[in-house]
Structures are given as C-alpha cells and as structure tokens.
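Everything below concerns the one structure shown next.
There are 2 protein chains.
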Amino acid sequence: MSISLPREPDFDKAGGLVPAIAQDAANGQVLMMAWMNREAFQETLATGRAVYFSRSRNKLWRKGEESGHQQQVRQILIDCDADTVLLQVEQKGAACHEGYRTCFFREVGTDETKIVESRLVDPSDVYKK
Amino acid sequence: MSISLPREPDFDKAGGLVPAIAQDAANGQVLMMAWMNREAFQETLATGRAVYFSRSRNKLWRKGEESGHQQQVRQILIDCDADTVLLQVEQKGAACHEGYRTCFFREVGTDETKIVESRLVDPSDVYKK
Chain A
66 MSISLPREPD FDKAGGLVPA IAQDAANGQV LMMAWMNREA FQETLATGRA
116 VYFSRSRNKL WRKGEESGHQ QQVRQILIDC DADTVLLQVE QKGAACHEGY
166 RTCFFREVGT DETKIVESRL VDPSDVYKK
Chain B
66 MSISLPREPD FDKAGGLVPA IAQDAANGQV LMMAWMNREA FQETLATGRA
116 VYFSRSRNKL WRKGEESGHQ QQVRQILIDC DADTVLLQVE QKGAACHEGY
166 RTCFFREVGT DETKIVESRL VDPSDVYKK
C-alpha cells in the first residue's frame with residue numbers, strides 16, 4: 066500500500082474548508098481549532114504565520130491581527146485523509162479570545178463541568194470594542 | 066465576564082456534529098480528529114471509551130470495534146465556543162487506519178511533503194476485508 070504525499074489538504078472534497086488544530090510546539094498543549102480555506106493554508110505555508118478562515122466574519126483571519134497574539138508556525142502536518150491540518154506553533158500570549166492560553170479550558174465530567182485552566186490576560190484589555 | 070459551564074457541546078449550533086480531537090494523555094501527541102453527534106458524545110462520557118460518528122458510514126463508530134485499537138478516555142475538554150471537543154486518551158495500538166500511531170504522519174513544507182512517523186502495524190493485519 067503506497068502513501069500519497071499531497072502538497073495541501075483536499076479542500077474540494079472537504080467543501081472548501083478543513084479543520085486546523087493548533088498545538089503548542091514547546092509543551093504539546095492543544096490551543097485551539099479553527100478552519101482554513103486554500104488561501105489561508107497557502108498564506109500560512111508561505112509566511113510561517115497562522116492564518117485561518119473566519120466562518121463568522123467570512124474572511125481570512127490572520128491570528129493575532131487584533132490581539133497581537135500571533136502564532137509562529139514551526140510545522141504543518143496533515144492527516145491520513147488529507148482533510149485536517151495540525152499546526153505546531155509558538156503561541157504569543159493567549160490563543161483564546163476569553164484570555165486563556167488554550168481554548169480548551171473547561172472539562173466536562175459526568176457530574177459537572179469545571180474550569181481547569183487559569184486566565185492569562187483580561188480579554189477587555191486585549192480586544193478594544 | 067462570566068464563563069458558562071455547559072454540560073455538552075452545542076450540537077444544535079454546530080448542525081449536529083462537532084469536531085473531536087484525540088490527544089495521547091501520556092505524551093501529548095495529537096492522534097486524530099473525528100466527529101461526534103450528541104449520542105456519540107454521551108456514550109463517550111458514560112462509558113469512558115471514545116465513540117465518534119462516522120460521516121461516511123452514517124452511524125456511531127466505537128473506536129477500535131474492528132481494529133481493537135480502542136481509546137480509553139481520561140479527560141473530556143470543550144473549547145470556548147462549545148463547538149469542539151478535546152479528548153485526552155490512552156490509545157491502544159495505532160489510532161490511524163494506515164497503521165501509524167497518529168493520523169498526522171505527513172509534514173507539508175514549502176518544497177515537499179514527507180512522512181515523519183513510522184508505521185506501528187500493517188493495516189492489512191488489522192482490517193480484514
């Protein structure tokens with residue numbers, strides 16, 4: 066069985082957008098999941114800065130453009146089906162708009178949901194309304 | 066700003082399915098990304114075994130039911146928007162149907178795509194046709 070070596074995700078199969086997971090290259094913490102279209106992926110590859118596609122704003126989202134909390138990309142991996150991207154990044158500041166380093170700051174258990182991370186920054190200091 | 070403590074992802078907002086990332090609880094390796102509907106999520110929460118929803122087969126996918134490569138779930142996290150799940154798992158064998166421990170075994174660079182992991186098992190030994 067031979068393994069293909071695609072140059073980019075299969076955006077057509079995925080309907081134009083693929084999930085992109087950002088993981089802290091230094092400590093392995095999963096920081097966030099967002100979406101990429103072909104343009105976002107190619108700009109990420111070319112510049113080494115994480116660029117996503119914002120579904121709510123319907124445009125490219127250069128991570129950190131407002132908050133300053135950019136992601137320097139150390140490695141880009143794609144999965145077996147070529148429909149998911151994993152970025153190994155150096156995260157500046159907090160990945161999450163809620164001010165946590167990771168968006169995954171809540172644990173769901175059978176009895177309760179609880180916050181398991183500490184806030185790094187106050188979101189109101191980062192995002193000016 | 067108060068943080069909500071939802072008991073499950075917002076499946077309705079997400080159209081019924083949310084991405085679920087599985088990460089090796091021991092070494093932090095991101096193993097795979099799949100999808101969960103409410104039933105898959107609730108069964109995962111109740112049993113402590115990862116259950117996904119297979120979009121191609123249009124049914125619940127109890128990870129490892131064919132391969133034996135199950136995932137024991139140590140922690141379930143949800144992201145800030147409550148539309149992505151992160152599972153911390155103990156992975157038995159290989160997460161990937163291609164026989165690699167992780168589905169993210171290929172690195173995309175500006176010049177080439179290359180395989181950066183080693184196969185654990187031969188898929189033809191695992192999946193009987």
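Same order as they appear, the protein sequences are chains A and B. Per my numbering, the first sequence starts with residue 66, numbered consecutively. Per my numbering, the second sequence starts with residue 66, numbered consecutively. Positions of the beta carbon are idealized from the N, C-alpha and C atoms, including for glycine.
- If you draw a straight line from the C-alpha of T112 of chain A to the C-alpha of D77 of chain B, how long is it? 36 Å
- Item | Sequence-distant residues of its chain with Cβ nearer than 6 Å to R127 of chain B (five each side left out) | V116
- Item | CB contact check: K179 of chain B to chain A, cutoff 8 Å | yes
- DSSP on S189 of chain A, reduced to helix/strand/coil? Note: S189 of chain A maps to helix in three-state DSSP.
- Task: On a CA-only basis, which of B:A99, B:D89 and B:Y165 is nearest V186 of chain B? Give me that one, please.
- Result: Ranking the options by Cα distance to V186 of chain B, first place goes to B:Y165.
- Task: Show which residues of chain A have a CB atom less than 7 Å away from the CB atom of H162 of chain B.
- Result: Within chain A, the residues near H162 of chain B are C145.
- Message: Which residues of the stretch 122-150 of chain B have a Cβ closer than 7 Å to any Cβ of chain A? Give them in chain order.
- Response: The stretch 122-150 of chain B vs chain A, Cβ under 7 Å: Q140, I141, L142, I143, D144, C145 and T149.
- Is T109 of chain A buried or exposed, if buried means 16 or more other CB atoms sit within 10 Å of its CB? buried
- Message: Which same chain residues end up closer than 8 Å to R120 of chain A when comparing Cβ atoms and leaving out the 5 residues on each side of it in sequence?
- Response: Hits under 8 Å: L82 and W100.
- Query: Beta-carbon of T112 of chain B versus every beta-carbon of chain A: anything under 8 Å?
  - Reply: no
- With 8 Å as the threshold, decide whether the Cβ of L152 of chain A is near any Cβ in chain B. It does not: the Cβ of L152 of chain A has no partner Cβ on chain B nearer than 8 Å.
- Segment limits, alpha helix (DSSP H) that includes E104 of chain A: R103 to T112
- Item | Minimum Cβ-Cβ distance from G93 of chain A to chain B less than 8 Å | Yes - at least one Cβ of chain B is within 8 Å of the one on G93 of chain A.
- Item | Within 8 Å, strictly: CB atoms of L70 of chain B and Q156 of chain B | Their beta carbons are not under 8 Å apart, which means L70 of chain B does not touch Q156 of chain B by this criterion.
- Which value, in whole angstroms, describes the spacing of the CA atoms of M98 of chain A and A85 of chain A? 6 Å
- Task: Kindly say whether E104 of chain A, judged by its beta-carbon, lies nearer than 8 Å to any beta-carbon of chain B.
- Result: Chain B contact via Cβ: absent.
- Task: List the endpoints of the continuous beta strand (DSSP E) containing V154 of chain B.
- Result: V150 to Q156
- Going by the CB atoms, is the gap between R139 of chain B and S90 of chain B shorter than 8 Å? Note that residue 90 of chain B is Ala in the sequence shown, not Ser. At the C-beta level, A90 of chain B and R139 of chain B come within 8 Å of one another.
- Message: Among the candidates B:R184, B:G93 and B:T175, whose CA atom is the shortest distance from the CA of V154 of chain B?
- Response: B:G93
- Task: Go to F76 of chain B, then tell me how far its beta strand (DSSP E) extends in each direction, as first and last residue.
- Result: Note, F76 of chain B: premise wrong, no beta strand (DSSP E); not H, not E.
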